[in-house]
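Novice: Below: one structure in structure tokens.
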Amino acid sequence: MFAPPVADLSGKIPFAMHQSGFDGFFPKAIQRYYMKSVYLRALDDAAVDTIIAHAVGQPDPNAYPIVWHLGGAMNRVPPEATAFGRRDAPFMLEITSSWSDPLESEQHIAWTRRFCANMEPYTTGKLYVNMPGFGEEEGRFAPAAYGTNYERLVALKKLYDPTNLFRHNQNIQPMV
């Protein structure tokens, strides 16, 4: 049996409250973060066992997984209606590591990457755009994040930003 939820985020909340709602998970003294995410096909026993095995082996209390239950109202919007087209997975797994000592960077990043890689058998193969790690997926990240909407976003980028001025993010190249 699962423990009671840490938080219930299922209701409407003001935007500013949402933006600051996770501040407690990121202490001000900690300046290094590394996040990855994958969409899960299901939350079956094997996936849960893998999550628990990695959570127990976390390098620090500030390294943790979060399972986001998706669905409901977000699935009532057609995938092509917005840039965010990943509405078909029932769960998303966020893997976050944060630390302050720069000498621990390799350890934290390796834990997060290993965790993400070991979850691969349970994923849809898709990624969430706001948790890109260091963009290791390079040219594969944006197509995996935007799915069928990617080509439309490339066309918009080509039309409105053909020189790729706005490129310091999980970039969509203006040409494929």
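Under the numbering used here, residues 10 to 185 are what the sequence shown spells out, in order.
The beta-carbon is built from N, C-alpha and C at its ideal position, and this holds for glycine as well.
#1: Can you give, in chain order, each stretch of the beta strand (DSSP E) that sits fully within the region 72-107 and has at least 3 residues?
#2: Across which residues does DSSP place Arg41 in a beta bridge pair?
#3: What separation, rounded to the nearest whole angstrom, lies between the Cα atoms of His186 and Ser107?
#4: Could you name the residues that DSSP lists as bridge partners for Tyr48?
#5: Out of curiosity, what's the CA-to-CA distance linking Glu103 and His117?
#6: CB Thr121 to CB Gly134, shorter than 9 Å?
#7: Could you spell out where the alpha helix (DSSP H) holding Phe24 opens and where it closes?
#8: Just to confirm, are Ile60 and Pro74 a CB contact at a threshold of 9 Å?
#9: In terms of residues, what are the limits of the alpha helix (DSSP H) holding Ser19?
#10: In chain order, what residues of the same chain have a beta carbon less than 8 Å from the beta carbon of Val86, not counting five sequence neighbours either side?
#11: What residue range does the alpha helix (DSSP H) around Val57 cover?
Specialist: With the structure as the only source:
#1: 72-78
#2: Trp108
#3: In the structure displayed, the chain extends from 10 to 185; residue 186 sits before or after that span and is not available.
#4: Met101
#5: 15 Å
#6: no
#7: Phe24 to Ser29
#8: yes
#9: Looking at the DSSP string, Ser19 is not in any alpha helix (DSSP H), and its letter there is neither H nor E.
#10: Arg96
#11: Asp54 to Val65
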